[in-house]
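Engineer:
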Amino acid sequence: MDILRFTAVRLMQLVPVLLGITLAAFLLLRVLPGDPATLILGSRGTAEDIAKLNAQLGLDAPLWHQYLSFLFDLLRGSFGQSIAYRQPVGGLILERIWATLALVGLSTIIAIILTVPLAMLAAVDKDGPFDVTIKGLFVVAMSMPSFWLGTLLVLLLSLEWRLFPVSGYGNGFLDRLHHLALPAFVIALSTAALTIRALRSSIIAVMRADYIDTARAKGLTVKAVMLKHVLRNSLISTISVLGVHTSWIIGGTVVIESIFGIPGLGYLLVSSIAARDYPMVQGLTVTFAVLVVVINALTDIAYALADPRVRL
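Residue numbers for the sequence shown follow the numbering used here, beginning at 53 and rising by one.
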């Protein structure tokens, strides 16, 4: 299958996935106890005031009507008006998305930096002391919840040793990099634990291939064999693992942004759920879903480019 056709088919498959996500997000919000009008008006709001505000917000319409209105707004490129902030949801998401994307990008870079050298060293030293140590460390890293590790590192590195800011996003490139380094490392550590294991296994399998023996027989050095033949072919299978975990990183930002006070989409989502801000939560859910499915689609396309057998 041609790569352009493969890409077109993969993109068309995203449409029903996104529709299902919008429907699930819409219905889940409606089954939560409480309603926005009551939260906004507080204990002083009468039944008449609550009914009037629900009518203004369009929450008194049948569910199917509310859902279709939500979809039509999406097709027009609008997420509606935030109930809590009294501003367009799209504008608020656009303001916050850069902090989340910066956190996801930095986490992915740190994960790759940790993965490649450690997986190569563990594979070369298979069942040796270094390999055993690496495997033990990634088991520990996978066992630690990110909220627990994040809190522990804040107490040690921020409050005790004062190496990193306790919270916030900073101003300017270097200051923001300083603020995001610790939360990005927390997210990257659990991702690297899995990608190291995947890449190590892949490297060991490739090193047993006949063409690697041929390369050695030609007189290539160990370094040349590893970089030109082993690593290049081993990375193909690791692309999908990294793509899946980059999607997981996006979901993980909800917890990490709340712990480190980063004004991104995850932080905004938590506060919007507490306020029953339906338009904001729906807009954020769709935005998170789009980011995840786009990353998954790009991962599939990258995998197809690296391995032509996937397109067949």
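Yeah, the Cβ is synthetic: ideal placement off N, Cα and C, and Gly gets one too.
Please go through the same chain and pick out, in chain order, the residues whose beta-carbon is closer than 8 Å to the beta-carbon of Leu70, but skip the five residues on each side of it.
Structural biologist: Val338, Ala341, Val342, Val345
Engineer: Kindly give me the distance between the Cβ atoms of Ala236 and Ser310, rounded to whole angstroms, as I take these residues to be in contact under 8 Å.
Structural biologist: The distance from the Cβ of Ala236 to that of Ser310 is about 15 Å, inconsistent with a contact at the 8 Å cut-off.
Engineer: Judging by CA-CA distance, which residue of Leu320, His230, Val67 is the nearest neighbour of Arg214?
Structural biologist: Closest option to Arg214, judged by alpha-carbon separation, among Leu320, His230, Val67: His230.
Engineer: Please determine, among Thr167, Val61, Asp352, Ile248, the residue with the shortest C-alpha to C-alpha distance to Ser299.
Structural biologist: Ser299 has its Cα closest to that of Asp352, out of Thr167, Val61, Asp352, Ile248.
Engineer: Where does Gln139 sit, in a helix, a strand or coil, going by DSSP?
Structural biologist: coil
Engineer: DSSP puts Gln133 in a beta bridge; with which residues?
Structural biologist: According to DSSP, residue pairing for Gln133 in a beta bridge involves Pro140.
Engineer: State the Cα-Cα distance for the pair Ile73 and Glu147, rounded to the nearest angstrom.
Structural biologist: 23 Å
Engineer: Note down, in chain order, each residue of its chain lying with its Cβ closer than 6 Å to the Cβ of Ala89, except the 5 sequence neighbours on either side.
Structural biologist: Annotation for Ala89: Ile102, Leu105, Asn106 place their beta carbon closer than 6 Å to its own, counting only its chain and skipping 5 residues before and after.
Engineer: Count the other CB atoms within 10 Å of the CB of Ile55; is the residue buried (16 or more) or exposed (fewer)?
Structural biologist: exposed
Engineer: Could you work out which residue in Val258, Leu272, Arg252, Gln334 is closest to Arg82 when comparing CA atoms only?
Structural biologist: Gln334
Engineer: Under three-state DSSP, which class holds Val192?
Structural biologist: Correct three-state label for Val192: helix.
Engineer: From this set, Pro169, Gly129, Ala76, Ser198, which residue's C-alpha is nearest Gly303's C-alpha?
Structural biologist: Ser198
Engineer: Give the straight-line distance between the Cα atoms of Ala240 and Pro114, rounded to the nearest whole angstrom.
Structural biologist: Their backbone Cα atoms lie some 44 Å apart in a straight line.
Engineer: Just to confirm, are Ala163 and Arg249 a CB contact at a threshold of 9 Å?
Structural biologist: no
Engineer: According to DSSP, is Ser253 part of a helix, a strand, or is it coil?
Structural biologist: In the three-state reduction of the DSSP assignment, Ser253 falls in the helix class.
Engineer: Are the beta-carbon atoms of Phe190 and Ala245 separated by less than 9 Å?
Structural biologist: yes
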